[in-house]
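S.K.: My questions will all concern the structure given below.
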Amino acid sequence: MVGLLSVGLWQIGAWQPLEQLVYSALFQARSASILPQTNWDRRVAVIAIDDASLKKYGKFPWSRDRYAQLLQKLKPSSPAVIGFDVLFVDPGKGDKEFAKAIAKSGNVILATAWDNRGQPLEILPELKKAALGEGQIWHNPDADGISRQAALFFGTKPALGLAMLLEAPEAVSLPHLAEVQRRKDVWINWPGPTQNVSTYSYASIMEGKVDAKAFANKFVLVGVTATAIDRLRSPYNQNPPTAGVYLHAALIDNLLNDKLLHTLPKTTVMLLLLGIAPITSWLLLKQGVWARMAIAILLPSGWVIFALSAFIDDGWWLPIVAPVGTAIAAGIGVQLREQYEKQQLMSLFAKHVAPEMADLIWHRKDEIFHKGKLQAQEMMVTVLFADIRGFTSISEKLPPGELIEWLNLFLDAMTDCIMDRGGVIDKYIGDAIMAVFGIPFSHTTPEEIQQDALNAIAAGIAMQERLKKLNQRFHNANKPTIEIGIGIHTGPVVAGSVGGSRRLNYSVLGDTVNVAARLEPMNKEVKIHNPYQMIVSGSTFAYASDRYHGPAVRAIQLRGREQATIIYCIQGEKVNLADPAEAIVPPLNISA
């Protein structure tokens, strides 16, 4: 789900503004020497129509004879190619002189562009005829105003910088040119601040202040750098911005040195984002707190380091924010999912078990939780039923408010005794309590099943001892005292979520529950010493007989069983009591 969401955000461009910030930050890190710096190729030079030139020769646009004079000045230097980042689309003064100078130079590339309606702005025919070639100067900055890409081709026309390289009189080595030419747009690997480009003022050249050999065999760009004309923002030059001519200079630099940034295809990025989410979730799901913290730090950090290394060593600009954001979102998703599952589990168990058991249930949730739901399980458990004697008559004597307070005090005390010994409160049935020992985790070994039986008997004894103290409190408050009977049986049950979609309870079902419920009222019929008013089945006593002393009360016939089942009353631990004689009485039929 997280992966699909991330891909959707990539598709609609939601990640791109953040990725663009990282792009700019990478170049700023270069500028601050945090990352290795790069330099502009010395074969690239810019002739700037700057503020000083406009002040000396008048405001822009100039008459064409100014450019003719420039070409005449440059002729002795023998530049490799001269590219004009200036449009010549309307007739003007000095066109003939300029055309002659272009033809005489034989190495001039002129600029072409399109208006806002997409109509071509054609170069004056006589200038176009005289030129060596033409190159388009169209570019579209990103939404934040920074120019990160260059249009290598617009239609069939190459970019000005590419045209200059392709038309160079002497063959220029352009690594991977065929591959580059297949790309419509390329990502510029800005070599540095534009202040570091070999730049010469038009006025200084015309005044003879520039060495005649300064442009020998160089790719010379002529463009306007004066304030407020043809402004462009690069990662290095944002405030104040630089001039548009430097975008063409950067493209030439990148093509000469095979430095254009490489980016992943769109489909690869989407597959990457789709893969990161499940991998992150898988790594986090089975881990503890410290391992998760380590993964949460190492996974994003590792990707950032990998992306930085690819940028520095191989000129790859890999997405950073989207993968890291996807990993973080996947981690949050895992956490939220666990919180939801924990809430689901705790809503079923929190009020039925001790806090320690609740924590244990959460940490071992995979044993009982499957695909967001509690699994039904067949388990061997010990069920305890406890019921108040004569509750109906007591309830008729107490006002409703006092009755509820009195009953809650009893239930609270009994619940503590059960939970403290690992029992789970299955339900309160009016004045009765049903508790189960051996859930929610399946106990399969004889030792585990025995311990559940021992815990249930220990809880029953603790309940009776606690009730003595509670009755003293009730007596002092002139409230009715309480007597309870307890029935315990060990056997198989089915445990799971019971209820509708709007309300679920964790409970156990089966014949074992019925037997335990029917044992409890039999305490009233026991004639021998029964200090804890506790009847246990033969199956429970078989597990507890090594520790607890209990004479057999009678043999009962359980429905569905051929042989009678002997039931016992618990008189205490063997270390404390001598064994009295056991009595066997005639069978008593119990429907179960």
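The opening position of the sequence shown corresponds to residue 124 in this note's numbering, with each subsequent residue numbered one higher. From the three backbone atoms N, C-alpha and C, an ideal C-beta is built for every residue, glycine too. Keep in mind it's a predicted model, so treat the numbers as computed, not measured.
Taking the CB atoms as reference points, tell me whether residue 232 and residue 257 lie closer together than 9 Å.
M.R.: Yes, these two residues count as a Cβ contact at 9 Å.
S.K.: For residue 412, is the classification buried or exposed, using 16 other Cβ atoms within 10 angstroms of its Cβ as the cut-off for buried?
M.R.: That one is exposed.
S.K.: What residues in its chain sit with their C-beta under 8 Å from that of residue 392, if we drop five residues either side in the sequence?
M.R.: Same-chain partners within the cutoff: 133, 442 and 445.
S.K.: Would you grab the beta carbon distance between residue 510 and residue 583 for me? Rounded to a whole angstrom, and I think it's under 8 Å.
M.R.: Going by Cβ atoms, the distance from residue 510 to residue 583 rounds to 12 Å, so no, they are not a contact pair.
S.K.: So, is residue 685 buried or exposed, given that buried needs 16 or more other C-beta atoms within 10 angstroms?
M.R.: Exposed.
S.K.: Given this structure, state the Cα-to-Cα distance separating residue 461 from residue 448, to the nearest angstrom.
M.R.: Roughly 20 Å between the two C-alpha positions.
S.K.: For the beta strand (DSSP E) containing residue 588, name the first residue and the last one.
M.R.: From DSSP, residue 588 is part of no beta strand (DSSP E) but of the alpha helix (DSSP H) over 569-599.
S.K.: By how many angstroms is the C-alpha of residue 192 removed from the C-alpha of residue 329?
M.R.: So the alpha carbons of these two residues sit roughly 8 Å apart.
S.K.: Classify residue 334 as buried or exposed, calling it buried when 16 or more other Cβ atoms lie within 10 Å of its own Cβ.
M.R.: Exposed: under 16 other Cβ atoms inside 10 Å.
S.K.: Indicate whether the contact test is met: 3 or more Cβ pairs, each with one atom in the segment 687-697 and one in the segment 587-601, closer than 8 Å.
M.R.: Segments in contact, no.
S.K.: What are the boundary residues of the alpha helix (DSSP H) that includes residue 507?
M.R.: No alpha helix (DSSP H) contains residue 507, which is instead part of the beta strand (DSSP E) from 500-511.
S.K.: What is the residue span of the beta strand (DSSP E) that residue 308 lies within?
M.R.: Here the beta strand (DSSP E) through residue 308 covers 308-310.
S.K.: Do you know offhand how far residue 711's Cα is from residue 457's?
M.R.: Low confidence applies here, because residue 711 scores a pLDDT of 41, under 50, leaving its location unreliable; read the following figure in that light. C-alpha separation (whole angstroms): 56 Å.
S.K.: Hey, out of 540, 534 and 565, whose CA is closest to residue 605's CA?
M.R.: Answer by Cα proximity: 534.
S.K.: Let me know if residue 652 comes out buried or exposed under the rule of 16 or more other beta-carbons within 10 Å of its beta-carbon.
M.R.: Label assigned to residue 652: exposed.
S.K.: Quick check: the segment 316-326 against the segment 169-186, are at least 3 beta-carbon pairs closer than 8 Å?
M.R.: Yes, the segment 169-186 touches the segment 316-326.
S.K.: Got a sec? Which residues, its chain only, sit under 7 Å from residue 364 by beta carbon, not counting five neighbours each side?
M.R.: Here the set comprises 354, 355 and 356.
S.K.: So, under 8 Å CB-CB, residue 214 and residue 244 are touching, yes? Tell me the CB distance rounded to an integer number of Å.
M.R.: No, residue 214 and residue 244 are not in contact; Cβ-Cβ is about 14 Å, not under 8 Å.
S.K.: Taking 8 Å as the cut-off, is the CB of residue 429 close to at least one heavy atom of the ligand PLP?
M.R.: Looking for the ligand PLP in the displayed structure turns up nothing, as the structure carries no ligands at all.
S.K.: With a threshold of 6 Å on Cβ separation, who are the neighbours of residue 202 within its own chain once the five nearest residues in sequence on each side are excluded?
M.R.: So the qualifying residues of the chain are 338, 341 and 343.
S.K.: Can you tell which of 596, 418 and 687 has its C-alpha closest to the C-alpha of residue 536?
M.R.: Checking every option, the nearest Cα to that of residue 536 belongs to 596.
S.K.: For residue 374, count the other beta carbons within 10 Å of its own beta carbon; 16 or more makes it buried, fewer makes it exposed. Which is it?
M.R.: Answer is buried; the Cβ neighbour count reaches 16.
S.K.: Buried or exposed for residue 230, please, with buried defined as at least 16 other CB atoms from any protein chain shown within 10 angstroms of its CB.
M.R.: Its Cβ being crowded by 16 or more others within 10 Å, residue 230 is buried.
S.K.: Helix, strand or coil for residue 519? Go by DSSP, reduced to three states.
M.R.: Residue 519 falls in the helix class under three-state DSSP.
S.K.: Check residue 637 in the structure and name its three-state DSSP category.
M.R.: In this structure, residue 637 counts as helix in the three-state DSSP scheme.
S.K.: Alpha carbon to alpha carbon, how far is residue 658 from residue 525?
M.R.: Using only the alpha carbons, I get a separation of about 31 Å.
S.K.: Excluding the five sequence neighbours on either side, which residues of its own chain have a C-beta within less than 8 Å of the C-beta of residue 126, listed in chain order?
M.R.: Here the set comprises 396, 397, 398, 399, 400, 401, 449 and 453.
S.K.: Would you mind working out which of 153, 648 and 663 sits nearest residue 676, comparing C-alpha positions?
M.R.: Residue 648 is the option with its Cα nearest to residue 676.
S.K.: Taking residue 675 as part of the beta strand (DSSP E), name the residues at either end of that continuous run.
M.R.: First-last of the beta strand (DSSP E) with residue 675: 675-681.
S.K.: For residue 688, which beta-bridge partners are listed by DSSP?
M.R.: Looking at the DSSP assignment, residue 688 forms a beta bridge with 679.
S.K.: For the putative contact between residue 688 and residue 576, defined by C-beta atoms under 8 Å, what is the C-beta separation to the nearest angstrom?
M.R.: The pair is not a contact, with the Cβ atoms about 15 Å apart (cut-off 8 Å).
S.K.: Between which two residues does the alpha helix (DSSP H) harbouring residue 663 extend?
M.R.: Looking at the DSSP string, the run of the alpha helix (DSSP H) that includes residue 663 is 661-667.
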